Every structure is written in C-alpha cells, then in structure tokens.
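Only one structure is covered here, and it is reproduced in the block below.
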Amino acid sequence: MSGDKQAEAAVVAVGEELLSGETTDTNGSWLGRRLAALGVPVVRR
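So this is what it looks like as structure tokens:
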C-alpha cells in the first residue's frame, strides 16, 4: 500500500455450527495469528 495507511483485516466466520456454538472457530484464531505476524492487525472478528 502507498502512503501512511496500514492494512487492517476483519475476520468473518459463518456457518450454523459456528453460530450455534457447536464448533470452535479455530480457523479464525489461526488466521488472526498469521495476520498479526505479518503486521496486519485484526480490527474486528
């Protein structure tokens, strides 16, 4: 990116099993850690 803007990310997880709490969202946690390691903050999850 050009200028002073820093990239930000939002992780959106959908699916009945996630929304009902039947399954833990491990993919979102993994993705958040990877983005943080690259210097991209997750601003919404």
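Residue numbers (my numbering): 36 to 80. Just so you know, even glycine gets a beta-carbon here, dropped at the ideal spot from N, CA and C. The model shown is predicted, which means the values in this text are computed figures rather than measured ones.
DSSP state of alanine 72, grouped into three classes?
-> Here alanine 72 sits in helix by DSSP.
How many Å lie between valine 78 and alanine 44 at the Cα?
-> Valine 78 and alanine 44: Cα-Cα distance of roughly 6 Å.
C-alpha distance - valine 46 paired with aspartate 60, whole-angstrom precision | A straight-line Cα-Cα distance of about 11 Å links valine 46 and aspartate 60.
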